[in-house]
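Residue numbers (this note's numbering), protein chains in the order written: chain A, 4 to 444; chain F, 4 to 444.
Quick look at the structure:
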């Protein structure tokens, strides 16, 4: 903007939600208003904050008169230029975001559940009204993965996106790998540190990562994948012994969100499951609560974006970047183009090929291995490595397969569950093979 | 763009330079024209390629009739919407880019030398004419670091940017660290593999990294730092023994490009030098010819962007992303805002505080250590660790200092050079301390 242009006045921001991220954003917008304007040329004025409970304490810098419990009036009322939605969940976030877009107001959101449920519909609504719908904070917190896929790699033929996008599970798996402690202990520790919720289901069973996988698939492949289309397995079945065995083979165990083209496309696979990642792979060095997204494309080769995937201020930083973009675009009367939507059927999981690690608790008695091996053979799952660990009550069989069809392995597992000599089917891990992917050599 | 909008026709692209990156881009624009249009909604038509030698062979898909040796006419002539400059060097690139911007044509460039020399001037010219000047490929090849700093982190108070931005030196240092070979051998190997030029000066003495450091400083701090303002030391003085000693202490040696605020700003330090990076730091795992940029900010925390920093197709991928952005903006009649320029004086290098590693080849005779220690003491450089390695002709003293002023250490080094018992001052490495930076504990 030239120095002699008339001052267009501040961009007026309505904020929905004032929790962890919303509160951090409110503090930044109020405390750093002049500094942000100096850095970006955009003055942002927080004009209202919708909260569900007016009585709850807020950051001290937030003036009480900004607070309202009438979100609907704030979103469509006068004196608002841009709406930031950080309340989470589907209702009433969906209606409020739709109302803002219909009123011609750009929306910045970090709501992964909403985007995984109805992202394509919201993007179409934003496009129809010629306004921005930006959501950098929805995947990977402060990591600029959404903008990278949407803009930097716009012309790139992306083959695969592999993310560590849930800090809770990565913390738990890191502790299991580095301290040798079991899942339950690592989870309890994460809960004590505030890294896991009292009910950890959304994180440990992979629901949070699955929503992000759906969003990544939409960005990378223009697909309209919703949460229900994402194959999902969590980490609650992973045991310290599985992680230790992976370590001996030169792998680390990570909960992976994968979106990839199958056989050159147009079919894609979108899934969340624990995987064995070779220690030399850049994703292997992503420890603790950090997140990273690894992108493989035809021309760009391998890219990885790494950083803090959660937390109030890191996520608020991503929201702020979007807010500056949305404000500049609003002033210019343009909008960031929505990701192109293309027909990208989801490849049936049963037809995907991977290399598998399996562990079975078995009775330590003659004939067990033969019975187990026969089940593998029945389903044409070929075994590359078999090892018995422990004796007696503690006896466990560990298998690495050759490349096998997912469907065949699932049928093998079902039959193994029925086998009397198998007490428990433990960790099932897909082995990530660099370059060639999970399809293996 | 709505499905029923009139087709605006292709965006006509003029390309200056058809070498490694230019040739790869030309191939992509020609071979993947329909696919790029489908993915991005922008049809890009390559309408001319300016080259210095019409006789040189080009990629087979490039029609001869696109080639011209009259770059000036191509840039300002009719039928061109966007100009891509990939010829490198200052002249005639500078005049051509300026001519394109004056003609109201957006420019995409990967020319780090040009940007380090006159980036602020070109940005001002682009802004005055209301068109884009985009340069993702100038730093870190396909890694979306320019867009991240320019957009995603627009509102962020960045404290420091630390990059491994030269693949040649990172390859050499990786080989020295992992194979124990000496600098000369690793360089010869890099030359054999085509990773280093016959005259490797630009890479190994840090000139290439220094240009990128100047560009990063401009993006992160809005500073008008040019190449001449960047403190620069290369890797030709680093020896296998230095790398091995760093390894024993838990560090890896990297050539680092650093742009950081000093003492909360507004002063910044911009420099390139070899540094000892703790093995647990994300930058330590960046091996071989890969690049990465590590960003520390007030709200975002720590971010790292990693990928292929050079090569025809990775760099062409970054150019293509810019080209799509520039085309969309051109259609909308807007431009990406230039980074805000601010007064950011460069902090004198002599006043910077670091922890240092030094190695000295010395005569193995009584009194040498006392003489050397006295020189350190004279300049108030306090020694934390001293160790003698080898005996007789091979005797070497290795020092780790406490935090010391750069100026004091430089004076110490000058005096040590004058000391008769010191045959050679070897590797000088600044120790990177996480969180607190090179300022140390």
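Every residue gets a Cβ at the ideal spot worked out from N, C-alpha and C, and that includes glycine. It should be emphasised that the depicted structure is a prediction, and the values quoted were computed from it without experimental measurement.
- The DSSP assignment places complete alpha helix (DSSP H) segments of no fewer than 4 residues inside the segment 67-128 of chain F at 74-79, 96-105, in order along the chain.
- For residue 167(A) against residue 258(A), the beta-carbon gap comes to about 7 angstroms, under 8 angstroms, which counts as contact.
- Residue contact with chain A for residue 303(F): present (Cβ-Cβ distance below 8 angstroms to some residue of chain A).
- DSSP places residue 405(A) in the coil class of the three-state scheme, outside both helix and strand.
- Of the candidates 136(F), 240(F), 54(F), 392(F), the residue whose Cα lies closest to the Cα of residue 71(F) is 54(F).
- When DSSP states are grouped into helix, strand and coil, residue 373(F) belongs to the helix group.
- Between residue 367(F) and residue 395(F), the CB-CB gap stays under 8 angstroms.
- By DSSP's assignment, residue 364(F) forms a beta bridge with 399(F), 427(F).
- Within the segment 174-236 of chain F, the complete alpha helix (DSSP H) segments of 4 residues or longer fall at 186-195, 204-207, 210-224, listed in chain order.
- About 6 angstroms separates the CB atoms of residue 285(F) and residue 309(A); that is less than 8 angstroms, so the two are in contact.
- For residue 281(F), the enclosing beta strand (DSSP E) starts and ends at 271-281.
- Relative to the Cα of residue 327(A), the nearest Cα in the group 157(F), 64(F), 195(F), 37(F) belongs to 157(F).
- When CB distances to chain F are screened at a threshold of 8 angstroms, the residues of the segment 10-28 of chain A falling below it are 27, in chain order.
- The beta carbon of residue 388(A) is closer than 6 angstroms to those of 403 in its chain, skipping five residues each way along the sequence.
- By the criterion of at least three beta-carbon pairs nearer than 8 angstroms, the segment 233-242 of chain F is in contact with the segment 258-274 of chain F.
- The DSSP-derived three-state label of residue 435(F) is coil.
- When the beta-carbon positions are compared, residue 48(A) and residue 14(A) come within less than 8 angstroms of each other.
- In the three-state scheme derived from DSSP, where H, G and I count as helix and E and B as strand, residue 357(F) is classed as strand.
- Taking the Cα positions, residue 106(A) is about 42 angstroms away from residue 263(F).
- Of all alpha-carbon atoms in 416(F), 344(F), 289(F), the one lying nearest the alpha-carbon of residue 224(F) is that of 344(F).
- By the CB criterion at 8 angstroms, residue 239(A) and residue 208(A) fall inside the cutoff.
- Scanning the segment 256-336 of chain F from its first residue to its last, the whole alpha helix (DSSP H) runs of 4-plus residues come out as 315-335.
- Chain F places a beta carbon closer than 8 angstroms to that of residue 328(A), counting this residue as a contact.
- DSSP links residue 153(A) through a beta bridge to no other residue.
- Scanning 23(F), 141(F), 246(F), 178(F) for the CA closest to the CA of residue 360(F) turns up 246(F).
- The C-alpha of residue 196(A) lies about 42 angstroms from the C-alpha of residue 379(A).
- Residue 93(A) is classed as exposed because its beta carbon has fewer than 16 other beta carbons within 10 Å across all chains shown.
- Within the same chain, 401 come within 7 angstroms of residue 390(F) by CB-CB distance, once the 5 residues on both sides are set aside.
- Taking a Cβ-Cβ threshold of 7 angstroms, the residues of chain F close to residue 39(A) are 158, in chain order.
- Around the C-beta of residue 144(A), 16 or more other C-beta atoms lie within 10 Å, and the residue is accordingly described as buried.
- Proximity of residue 43(A) to chain F, defined by a Cβ-Cβ separation below 8 angstroms, is satisfied.
- At least one CB atom of chain A sits nearer than 8 angstroms to the CB of residue 146(F).
- For residue 256(A), the closest alpha carbon among the candidates 268(A), 202(A), 241(A) is that of 241(A).
- For residue 333(A), the CB contacts under 8 angstroms within the same chain, skipping 5 residues up- and downstream, are 14, 84, 85, 109, 134, 135 in chain order.
- For a Cβ distance threshold of 8 angstroms, nothing in chain F lies close to residue 50(A): the least Cβ distance comes to about 18 angstroms.
- With its beta carbon at least 8 angstroms from every one in chain A, residue 210(F) lies outside the interface.
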